[in-house]
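Only one structure is covered here, and it is reproduced in the block below.
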Amino acid sequence: MQHLFAITSLSDTSRLAQKIAKLIFPGMVITLTGNLGSGKTTLTREILLSLGISGTVKSPTFTLVEPYILKNFQVYHFDLYRFNDPEEWFYAGFDDYFTNQSVSFIEWAEKAKGLIPDIDWDISLTVTGDNERKLIINAQTEAGIECLKQLIANDVD
Ligand SMILES: Nc1ncnc2c1ncn2[C@@H]1O[C@H](COP(=O)(O)OP(=O)(O)OP(=O)(O)O)[C@@H](O)[C@H]1O
Ligand SMILES: [Mg+2]
């Protein structure tokens, strides 16, 4: 199941992020697909801030993953742009990051194709203007579909 959200400004992105943050569930896996500068980190950062993470949310370009500890679950923000070798996945123990107590946001997930377990949502971002984005959420699991339905129901304002 998929749904298109038209974004016309940065504040649209923040508003959608706030709504998404309310629906995040422990165990959720979200990949973010789109060109350089399409807004993957920006959207993730807005969601993390809405989840109550304080301080800076930096792009994990060099570290591949940044961990955040919340009350009820951990959040892992991956950026796999520099990831090339599937063996590195196992070497880094990334499998262990995916538990029912963690939520993962993964930029450039296509670099680790086949290695990421059960993707609930793939969010694709396309630049359609300076501050405009075409944002499509593609829900791929039962839990993901349920969550997307709730988001759509909450999106009327
Ligand atoms: N509506 C919008 N939503 C998100 N970002 C926007 C929007 N309008 C403008 N921008 C700008 O687009 C840029 C998006 O950069 P960002 O680092 O989030 O992209 P990215 O997809 O993570 O890129 P990379 O592949 O390099 O990690 C930022 O400079 C942001 O301010
Ligand atoms: Mg990024």
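Here this note's numbering is used: position 44 in the sequence shown is 45, and no number is missing along the way.
All C-beta atoms in this analysis are idealised placements derived from N, C-alpha and C, irrespective of residue type, glycine included.
All figures in this text were calculated on a predicted structure; none of them were measured in a lab.
DSSP, reduced to helix, strand and coil, places P68 within a strand of the structure shown. Taking 8 Å as the cut-off, one finds no heavy atom of ligand 2 near enough to the beta carbon of K114. In the structure shown, D119 falls within a coil segment according to DSSP collapsed to helix, strand and coil.
Distance from the C-beta of T62 to the nearest heavy atom of ligand 2 is below 8 Å.
DSSP, reduced to helix, strand and coil, places R16 within a helical segment of the structure shown. A18 is positioned such that its CB atom lies no closer than 9 Å to that of L37. For ligand 2, a non-hydrogen atom lies closer than 8 Å to the CB of T42.
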